[in-house]
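2 protein chains.
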Amino acid sequence: MKNNGMLVILSGPAGSGKDTVIAELFKSNFDITKSVSMTTRAPRDGETDGIDYIFVSEEVFLKSVKNEELLEFARYGINYYGTPKAPVDKWLSEGETVILKIDVEGADNIRKMYPDTVSIFIMPPSMQILEKRLRNRGSEDEEDVLRRLKIAVREIERCKDEYDYVVINDDLQDAVDDIKTIINAERHKVSRSSIFLSEVFKNV
Amino acid sequence: MKNNGMLVILSGPAGSGKDTVIAELFKSNFDITKSVSMTTRAPRDGETDGIDYIFVSEEVFLKSVKNEELLEFARYGINYYGTPKAPVDKWLSEGETVILKIDVEGADNIRKMYPDTVSIFIMPPSMQILEKRLRNRGSEDEEDVLRRLKIAVREIERCKDEYDYVVINDDLQDAVDDIKTIINAERHKVSRSSIFLSEVFKNV
């Protein structure tokens, strides 16, 4: 069934395992397009420019901000991250399903610009498991864990009012399947089926 | 994931094949509850009272209407058909997914009483195929076929404004799978997940 393009936002607190879920989603042969973020941070081992991120200088990044070429951007620590607008608009106009991994704040901005965005919140199975996952990272001290937990609680609270769907990341494959199910269902929304409906109607 | 109950409306014009789709949906082991309609028409061969329909006299039916015990009712020819309210409310309070097969007019009434109803419109793949299907029934004369086609066009037009999802009944199994996908996705709606969310939150 031919459809209009669809913008899908995936968010979730640190420790929800969203990065693993999204990586697994893209490894499958599901018909979606990944939006590539622009960042000023240095590439890590194994990362490819234009695939994992578009790696740019701070000067180039800030010029993109000034020229309103980014859908949203944020600064974490000393690094900027942002979503280039032009490729997203191109894919949507071609009927693609475009996936954005984005935080709760960025999601809010995207929804204002694309009101029919589908938003999915990836949730840990319980607060205890979230805490355990944050501690198991090892790289973070007690204060950092508590700070991240507090942020997670705030984000989960916002999820209730701001997100369309919630997916519990208890089992990785189940979570990936749930996201596919949601996208497949959204493709049947009457509001997204204008192209198809016009096919049925053309001979009425 | 434990959820609130969910009411799902299935509609579609004569010739869309909705009866076959719904029968197939119920034959599968999918976790849904079928609402049984009340009717004044006589049972056909193989139909069981309380399973296919609740068969009642016109007197009993009209008493149910008067006592406001029906969610909706309609008269086709000389027979009344209606949906008893009490069992639907009971199933919903128990967290069940309740399926109602209902026409476009009845759907409108249900949505007013249960605003978070999910509505799915089953569509023929094309108007030509709809026409062919109506003619192949054999039991209907030319005038009847044209009358049903006109009604179908009116219903399809209303679908665009009034239904949430559209499922094309081109291949029977695909159509059944599409309905399951939609119901599974709706079970992940944040707005339906209050029971689960309270579980995650209880230790925050």
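Read top to bottom, the protein sequences are chains A and B.
First residue of the first sequence: 17, per the working numbering; consecutive thereafter.
First residue of the second sequence: 17, per the working numbering; consecutive thereafter.
Cβ coordinates follow ideal geometry from the N, Cα and C atoms, glycine included.
Because the structure is a prediction, the values reported are computed rather than measured.
- By the criterion of a C-beta distance shorter than 6 angstroms, N125/B is surrounded in its chain by E88, once the five residues flanking it on both sides are discounted.
- Three or more Cβ pairs closer than 8 angstroms define a contact, and the segment 111-122 of chain A meets that threshold against the segment 38-51 of chain A.
- Using a Cβ-Cβ cut-off of 8 angstroms, A201/A counts as an interface residue toward chain B, since at least one Cβ of chain B sits closer than that to its own.
- With fewer than 16 other beta carbons inside 10 angstroms of its own, K148/B counts as exposed.
- Taking the Cα positions, A168/B is about 55 angstroms away from K79/A.
- Distance from the CA atom of G31/A to the CA atom of R208/A, rounded to whole angstroms, is 33 angstroms.
- Interface flag for D68/A against chain B is unset, since no Cβ pair is found closer than 8 angstroms.
- Residues of chain B whose Cβ lies closer than 8 angstroms to the Cβ of I198/A are, in chain order, A201 and H204.
- In this structure, DSSP gives G33/B a state outside helix and strand, which the three-state scheme calls coil.
- For I115/B, the three-state secondary structure derived from DSSP is strand.
- Beyond the five residues adjoining it in sequence on each side, F46/B comes within less than 6 angstroms, by CB distance, of K196 in the same chain, given in chain order.
- For S53/A, the nearest beta carbon of chain B is not closer than 8 angstroms to its own beta carbon.
- For the pair F77/B and I94/B, the Cα-to-Cα distance works out to about 13 angstroms.
- Scanning K43/B, R60/B and K34/B for the CA closest to the CA of P141/B turns up K34/B.
- If you check the CB distance, L150/B and V161/B come in under 8 angstroms.
- The C-beta distance from H204/B to V183/A rounds to 6 angstroms, short enough to meet the 8 angstroms contact threshold.
- One alpha carbon belongs to I172/A, the other to Y181/A, and they sit about 12 angstroms apart.
- Neighbours of S209/B in chain A, taken as residues at a C-beta separation under 7 angstroms, are given in chain order as V182.
- DSSP, read as helix, strand or coil, puts T56/A in coil.
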